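Here's the structure, in structure tokens; my notes come after.
Below, the structure written as structure tokens:
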């Protein structure tokens, strides 16, 4: 049932987890160093609901079916996973909260993009960017777009994804010291929502110059993220929000909490809050 490197454990007798080390400090967390964990030799007779923290599976639907056949049901179905991770799925629910976007099953030409959105645009795959590379993300005009499309065709992360073009909004910057081809750091924050309740909140750009919110900014950011979580109704959702230069807050993207890195969110505090929610639900 388990693949090499995977571990199935029950945390504090409240939460089942399927974990695997990825080698990425921003993602991995040693649960058994901070919580009471047990690894059962025999699974319960009834199917168990499990949260995966094993990295991003390229074959999520297949892995879901494999585990379900063994009585292990991931917290997100394949359809829920796609809703959380792919912009064309969640965008219709959040269209008024996020930059105007268009997506294409095949790479569009520059003229089509210009007619629908104008320049500049933010370019990405339906699920993600390529390692936060500025040259493949912030596109100023037709020639830059053609060069980016050539690069997309060769990129191991982007070539299989739908192409998404987004209106480039003027975001509040933190600093621009990340390198020549790195995305400029914006005033952006990651939120984790477990069963519609906030369980984690912190800066998206956790490296470099620290930045923080005023109390009013925090209330505004969390109000927006909470509205997005209310609309995209999923058990374990990540909502990233950022502030524009004008002071307006916008949704940057959504993700599956199973696959998302902690960035500036405390993993211990996050999982403690998840366990608290589960304890409250159990009465």
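In the working numbering, the protein residues as written are 145 to 427. Every residue, glycine too, gets a C-beta built ideally from N, C-alpha and C. Note that the structure is a prediction, hence the values are computed from the model and not measured.
What would DSSP say about residue 278, mapped onto helix, strand or coil? helix
CA-to-CA distance, residue 353 to residue 342, given in whole angstroms: Near 25 Å, if we compare the C-alpha coordinates of residue 353 and residue 342.
Counting only the same chain and skipping the five closest in sequence on each side, list residues whose C-beta sits under 8 Å from that of residue 347. 332, 333, 334, 354, 355, 356, 407 and 408
Less than 7 Å between the CB of residue 226 and some heavy atom of the ligand ADP, yes or no? Among the components modelled here there is no ligand, and therefore nothing to report on the ligand ADP.
Exposed or buried, what is residue 293 when buried is set at 16 or more other beta-carbons lying within 10 Å of its beta-carbon? buried
Since I believe residue 241 is in contact with residue 395 (beta carbons under 8 Å), could you give me their beta-carbon distance rounded to a whole number of angstroms? 5 Å
Please specify which runs of the beta strand (DSSP E), each continuous and at least 3 residues long, are wholly inside the segment 181-264, giving them in chain order. 192-197, 216-218 and 245-248
Let me know the secondary structure DSSP gives residue 360 once reduced to three states. helix
What is the residue span of the beta strand (DSSP E) that residue 85 lies within? This structure leaves residue 85 out entirely; the chain is present only between 145 and 427.
Endpoints, the alpha helix (DSSP H) within which residue 420 is located: 411-426
Based on Cα-Cα distance, which residue from 226, 384, 269 and 337 lies nearest to residue 439? Outside the displayed span of the chain (145 to 427) sits residue 439, for which this structure offers no information.
Is the separation between the beta-carbon of residue 311 and that of residue 267 shorter than 8 Å? Going by C-beta atoms, residue 311 is not nearer than 8 Å to residue 267.
Return helix, strand or coil for residue 173, following the three-state DSSP convention. coil
Taking C-beta to C-beta, are residue 247 and residue 270 nearer than 8 Å? Pairing residue 247 with residue 270 gives a Cβ-Cβ distance under 8 Å.
Per DSSP, residue 317 is paired with what? 330
Would DSSP call residue 354 helix, strand or coil? Of the three classes helix, strand and coil, the one that applies to residue 354 here is coil, per DSSP.
Can you check which of these residues, 216, 205, 307 and 155, is closest to residue 192 by C-alpha distance? It is 216 whose Cα lies nearest to the Cα of residue 192.
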